[in-house]
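Trainee:
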Ligand SMILES: Cc1cc2nc3c(=O)[nH]c(=O)nc-3n(C[C@H](O)[C@H](O)[C@H](O)COP(=O)(O)OP(=O)(O)OC[C@H]3O[C@@H](n4cnc5c(N)ncnc54)[C@H](O)[C@@H]3O)c2cc1C
Ligand code: FES
Ligand code: FES
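Residue numbers (our numbering), protein chains in the order written: chain R, 2 to 341; chain Y, 4 to 788; chain C, 98 to 277.
1. With a CB to CB cut of under 7 angstroms and the five nearest residues on each side skipped, what residues in its chain are close to residue 441 of chain Y?
2. Short of 7 angstroms in beta carbon distance, which residues of its chain neighbour residue 171 of chain R, apart from the five on each side in sequence? Order them along the chain.
3. Does DSSP classify residue 262 of chain R as helix, strand or coil?
4. Under the DSSP definition of a beta bridge, which residues are partnered with residue 297 of chain R?
5. Using a Cβ-Cβ cut-off of less than 7 angstroms, give me the residues of the region 245-267 of chain R that come near chain C, in sequence order.
6. Looking at residue 230 of chain R and ligand 1, is the gap between the Cβ and the nearest heavy atom below 7 angstroms?
7. Compute the distance between the beta-carbons of residue 312 of chain Y and residue 105 of chain Y, then report whether it is under 8 angstroms.
8. If you measure between the beta carbons of residue 652 of chain Y and residue 464 of chain Y, is that distance less than 8 angstroms?
9. Assign residue 192 of chain Y to one of three DSSP states: helix, strand, or coil.
10. Between the region 151-158 of chain Y and the region 377-384 of chain Y, do at least 3 Cβ pairs fall closer than 8 angstroms?
11. Below 7 angstroms on C-beta distance, what does residue 248 of chain C contact in chain R?
12. For residue 184 of chain Y and residue 51 of chain R, I'd like the C-alpha separation in whole angstroms.
13. Cα-Cα, which of Y:292, Y:771, Y:55 and Y:58 is closest to residue 745 of chain Y?
14. Which class does residue 66 of chain R belong to by DSSP, given the choice of helix, strand or coil?
15. Among residues of its own chain, excluding the 5 on either side of residue 9 of chain Y, which ones have a beta-carbon nearer than 7 angstroms to its beta-carbon?
16. Among R:247, R:53 and R:42, whose alpha-carbon lies nearest the alpha-carbon of residue 36 of chain R?
17. For residue 476 of chain Y, list the residues DSSP reports as bridge partners.
18. Does any heavy atom of ligand 1 sit closer than 7 angstroms to the C-beta of residue 588 of chain Y?
19. Under 8 angstroms between C-beta atoms, does residue 141 of chain R make it to chain Y?
20. Count the other CB atoms, across all protein chains shown, that sit within 10 Å of the CB of residue 568 of chain Y; report buried if there are 16 or more and exposed otherwise.
21. At a cut-off of 7 angstroms, would you count residue 266 of chain C as near ligand 1, judging by its Cβ distance to the nearest heavy atom?
22. Assess, as a yes-or-no matter, whether the region 468-478 of chain Y is touched by the region 576-587 of chain Y under the definition of 3 or more beta carbon pairs within less than 8 angstroms.
23. Note down, in chain order, all residues in the region 112-141 of chain C with a beta-carbon under 9 angstroms from any beta-carbon belonging to chain B.
24. Quick check on the contact list: which residues have their beta carbon closer than 5 angstroms to a heavy atom of ligand 1?
25. Going by CA-CA distance only, name the one from R:225, R:311 and R:5 that's closest to residue 23 of chain R.
26. According to a CB-to-CB cut-off of less than 8 angstroms, which residues of the region 218-231 of chain C neighbour chain Y?
27. Between the beta-carbon of residue 2 of chain Y and the beta-carbon of residue 638 of chain Y, is there less than 8 angstroms?
28. Look at residue 248 of chain Y and residue 306 of chain Y and say whether their C-beta atoms are less than 8 angstroms apart.
29. Just curious, the alpha helix (DSSP H) that residue 339 of chain Y is in, first and last residue?
30. Closer than 7 angstroms by C-beta to residue 214 of chain R: which residues in its own chain qualify, once you throw out the five before and the five after it? Chain order, please.
31. From residue 66 of chain R to residue 235 of chain C, what distance separates their C-alpha atoms?
32. Under a CB-based cut-off of 8 angstroms, is residue 168 of chain C close to chain R?
33. What is the rounded straight-line gap between the Cα of residue 770 of chain Y and the Cα of residue 189 of chain R?
34. Could you check the C-alpha separation between residue 792 of chain Y and residue 266 of chain Y for me, to the nearest Å?
35. Based on Cα-Cα distance, which residue from Y:240, Y:659 and Y:452 lies nearest to residue 642 of chain Y?
36. Since residue 132 of chain Y contacts residue 82 of chain Y with CB under 8 angstroms, what's their CB separation in whole angstroms?
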């Protein structure tokens, strides 16, 4: 890695002031080499260092967020949970209350990457990591997301790419946790450079290519995610996250699904169904949710909902196989969620 | 019988089945016949690895851990284009970069097919780059970072040229040619017959054909046909290719992660015009090779050249990206097979048309598997290499036979089904190997093969299947191979050879063999290996290391002991003739004289005595010989059984269980053998289900040049594995031991494929069998609008 | 209890907090295998590089340099992490344990079991695997086979030692030996 400066601020304001741009913006260029001179935020650094080692980023300075006090706590908030962005995936996966009340999130976090990475990777960083698309990650491919004029996935090796919402760019969102966060209706707390605050839902925060081709979310330079807030789930909520990878040990999902069901003696009052690795942002399967709402969750309803989840899917040349996988995963997730 | 030979009764047969004795002619210096393992105390026991302590504590020294004072670091500049001509190259700015000590331009790259210059032609004036990653130049600097920065200062003007990376596209007559002239053909270091070359198609090589397959096929009662596609697999040794070259006036020393110290020395001496005696190659611990660290490459020559220029040791370690694109790979193949048989199963004809691609190299043949495993009078094999603009392939664990068996063992499975025969019964009829017969018998019983259902017979979405396949690999022996055993005056013992331990545990095996002969325990033997200062040993490839080296090790120990006895007999007031070593004591047959081994050594007049022995021919001779190595009369077998589950809704294949029954002559260290077999099976599963180099057709770049998107089996994909190894005595050498590493991978992918067929009733002829491939085979893919 | 602790949660760094350092070397203090080391490192140096190159602790191996193989596993404050993806400067003030710090006079029982079960081939992945297996047994003294597989799921062993590694760990667990 090229040399860089290091700053480890003690508070959010200092960090916000120091950041000159976002990682996504730093990767956009006309062509050739990444711009040097940026000051970028770093949490666990798993994604940031990866991009730097690949020569896709050449920051002048890193701003280390891990020493800011108070950002690594999980605490109760209005019946839900307020999770600091520096909480690691392993903390999240083993946290008793997360496991009890937000099972799908604990499952998503606990099944991501490897134990070694989960000890380092933070929830904030996980949500904000760049897509794993091999064209984006290749220095040889100047793709749309980096300011180029084409998405190489179209007409290329798109077996791991999106089946929904891939207008202009076919990445899938990389965060497995995000699938679950959206299903729980999580919100973010964001502090801007001059203390400005906003609190978008994760769903609003994440962008599709049609809204912006160059970034996956609405984070602006100098903004810092200071919390991920999970609203209180209804009393009888059941949730589940499952995924399928090519290898089970350690792999990115080919497909993952999170379901959150508010069940009242077998009848679904409210359902959230989200597909991960399906689209540039986790894909909310509203037709499936509608098919479940107000119904007793039994095999025939589940079948209909699972089929409905794929409404509007537009697979690319090499990823049509994802459709039967999503349908199956969803069916199994709904069945398992209602069973226990 | 010629002078200097005698005959000797040797154990012959399979222990527990057919063990007997047979007379063999042996050389005068050969050790006496070795009893079956049951009667031995070191051989046939699972001695712990001698370097185990170093490896579990992290103290083992791998090449990447070696440092020398004043050492420089080198990095290589590689082609960003799949095909381009270098119009100009200017290293001036790079040379002036701070910290840079030397720059070397690679003008004549090796490790690939080489064009034959036409008469009077000096060869192309400008260097042509033929794949992304093709090395161009190397820089040595005080840090790796400075070297990398300097690479970016080398100014190059490229003329990009049209390229092709798809094997089908490359076969077309209008495809951009990878080579403009015919290329030299080399097989195992020697020239082979020149083959036709049209465009990118080099071949076909039909030399293995026999009989009249075409006629026999048209007359066949049963005809089976199939086309099989296999992918490129990369070696992914955990320790990258690494070396530290130290050029000095008095000679060159190279510390290198290699599978063949002696071979590297010879190659370097030839390439540099140095006498063998001025080149030394050293490797202590070695982090995996699987075929890819057998020879010198451009990295090695570059580091040596840089060391020579800079007058300093130069360290060069490839990064993972470089490993993936330019350290060799298992070639992709397409095999079209037609097999004809009689209704009783007898094979009457086999015709295989195969083409494969090793990128810019040759060697994508499908091996000798189909040609040699079953008897078949009419056999035709036409195999061609197809050049594409991709990194050169090279040998990888059981080269050729792995893709070859994947296809052929499925054809045999299909034939069995067509004949309504159990696949084991068909093999009873067509496989003449008595060893595999026993292996099938053991395997079928322990695997409970009889519970196998009809194809696709299971209920529900998750289908279970059982399959089996057989392995065949030649038993190779490196005859340019020697070993020394020294007995020191304090009774300590050293065994010395340039052989390298790449993870197979050959050092431990040597200690066991020598200890057995000297009545000691393996822990008493000091093993000095991995250095060409010791007698030149064999390579660690071709599953030939143990077969080649243990006989001379045992003979050297035997000779050293005789010398010891001769030296000390007078001090006992007797003659050497009646003295033998028994139970750790040198005693006379009449029991009058007896002395402990250590005490005897203490009576030596010199600090040490020793003996060097080299590998003699197998007793009774070899099948045939090729330069420094030979094919033993009998090959190596093996039978594997696999149990899989296939999720027909998600396309996921899980291997639940593998049972492997193998033979390797006399097993010397059963647990290490088991480790090797585990490795073969796990790499085989990984090949069957996960691994695949993905090249981007529009740009020629590898898209998964890492260990993350290049998927490899890990712990949770590891099934229950049972390994049974026969003691198969053949009475052919002083130890009667042969290899296991390669036979153990060959049957795995076809056993899985046959099990998948048994589970779902649909044949999968494409690797790897990913969910996408399985779902497609099941007709579950959505119709695209 | 390595499995429940975030490596950075416990202590704040000294020295570099707040101020900007680099791109040249900056002073840090690491406790490595029980010894406090004062070092000058570049902010861009990874923990793996510093262990190997500055402290000559070459038992920690680098095979992918991207977090994808776990060969470089060490413990930071008791938790296994891939040291190729950690900057040395960010563990300033923390406790690092590498393979060299595991055994005292005697081998750790996991190390002995690796030898006994031949859970080693080329051995390049072995130090990392040992670190993960010991960490697992510290937090789960009686893991199931599935738990062992999950705990080592990030490791790549190209030689295929997994069956013997799993057997070794289960054997140590069964015998109830946890420290030397
Ligand atoms: C081999 C491998 C396999 C993986 N498998 C998976 C997987 O299966 N599923 C999955 O989800 N992930 C997976 N990951 C990704 C990994 O989980 C993420 O890289 C990690 O979670 C990122 O977290 P971090 O704390 O290290 O982020 P960093 O790299 O530190 O930061 C990531 C981004 O977030 C920004 N950032 C971080 N914190 C904040 C904040 N508080 N406010 C504003 N911006 C911030 C940074 O500027 C940067 O742009 C894998 C990674 C690897 C290397
Ligand atoms: S070297 Fe660190 S994970 Fe591979
Ligand atoms: S022992 Fe070689 S990689 Fe694991």
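In this text, a Cβ means the ideal position worked out from N, Cα and C, and glycines have one as well.
Mentor: From the atom records:
1. 17, 20 and 729
2. 152, 154, 155, 159, 162, 163 and 317
3. strand
4. R:268
5. 250 and 251
6. no
7. yes
8. yes
9. Low confidence applies to residue 192 of chain Y: its pLDDT is 49, below 50, so where it sits in the model is not reliable, and the reading given next is rough at best. Three-state result, residue 192 of chain Y: coil.
10. no
11. 116
12. 42 angstroms
13. Y:292
14. coil
15. 29 and 31
16. R:53
17. Y:639
18. no
19. yes
20. buried
21. no
22. no
23. Within the model displayed, chain B is absent; protein chains R, Y and C are what it includes.
24. R:24, R:42, R:43, R:44, R:45, R:46, R:47, R:48, R:49, R:86, R:113, R:114, R:122, R:123, R:125, R:126, R:127, R:129, R:130, R:176, R:177, R:225, R:226, R:253, Y:711, C:164 and C:165
25. R:225
26. 218, 219, 220, 221, 222, 223, 224 and 227
27. Only positions 4 to 788 of chain Y appear in this structure, which leaves residue 2 of chain Y out of reach.
28. yes
29. No alpha helix (DSSP H) holds residue 339 of chain Y; the beta strand (DSSP E) holding it covers 335-344.
30. 145, 146, 169 and 170
31. 30 angstroms
32. no
33. 44 angstroms
34. Residue 792 of chain Y falls outside the range modelled here, since chain Y spans only 4 to 788, and no answer is possible.
35. Y:452
36. 4 angstroms
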